[in-house]
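The working numbering numbers the first residue of the sequence shown as 4 and each following residue consecutively.
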Amino acid sequence: LTANAIETTPVGTIAMYAGIDPPSNWLRCDGSNVSRKTYATLFDVIGTLYGVGVG
């Protein structure tokens, strides 16, 4: 992904990626719990739709 594409992609977007590790500042969409505080912008978008997270 280009830097511009990464910067302009809305938070909460799910994208297919064939690399081993996700691009910088992206998370794997694998059901892992993530911090509401660390990822506050993501939490603002999806809330508890997919689980309550880890606080």
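Even for Gly, the Cβ is constructed at its ideal location relative to N, Cα and C.
- For Thr44, the enclosing alpha helix (DSSP H) stretches over residues Ala43 to Ile49.
- The alpha-carbon separation between Ser27 and Gly50 amounts to approximately 22 Å.
- Relative to Ser35, the option among Gly22, Val55, Tyr20 and Ile23 whose CA is nearest is Val55.
- Pro25 and Arg31 have their C-alpha atoms roughly 6 Å apart.
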